[in-house]
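Peer 1: I am attaching a structure below and will ask some questions about it afterwards.
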Amino acid sequence: MSGLLLSRVLVGIGKGVSPSAATDLIARSTPLEERSRAVAFVFGGLSVGSVMGLLLAPPLIQNLGWESVFYIFGLLGVAW
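Numbering (numbering that gives the first Met the number 0), first residue to last: 0 to 79.
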């Protein structure tokens, strides 16, 4: 149980700094006139991805098993 708790804490730390790191990366690598579009694209994509994941995971689990969600979404992430 302590290993699970530790891994959850580490995930929380990583997810806590992700939005700030993404915004900083966009600010450093995107021209000023395109920054708002880049930020909207990144954070809009995160929201759309979360919704799509919630909609697609149940049918995948029913038809292919729970492991399929990790394989399919993982491959989509690598392809992206």
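Heads up, the beta-carbon is just placed ideally off N, CA and C, and yes, glycines get one too.
Please look up how many angstroms separate the CB atoms of A21 and R34, rounded, as I've assumed it's under 8 angstroms.
Peer 2: The pair is not a contact, with the Cβ atoms about 12 angstroms apart (cut-off 8 angstroms).
Peer 1: Looking at the structure shown, is T22 part of a helix, part of a strand, or coil, going by DSSP?
Peer 2: It is helical.
Peer 1: Could you pull out every residue in the same chain whose Cβ sits closer than 7 angstroms to the Cβ of F72, ignoring the five residues on either side in sequence?
Peer 2: G52, listed in sequence order.
Peer 1: How is G64 classed by DSSP in three states: helix, strand or coil?
Peer 2: Three-state result, G64: coil.
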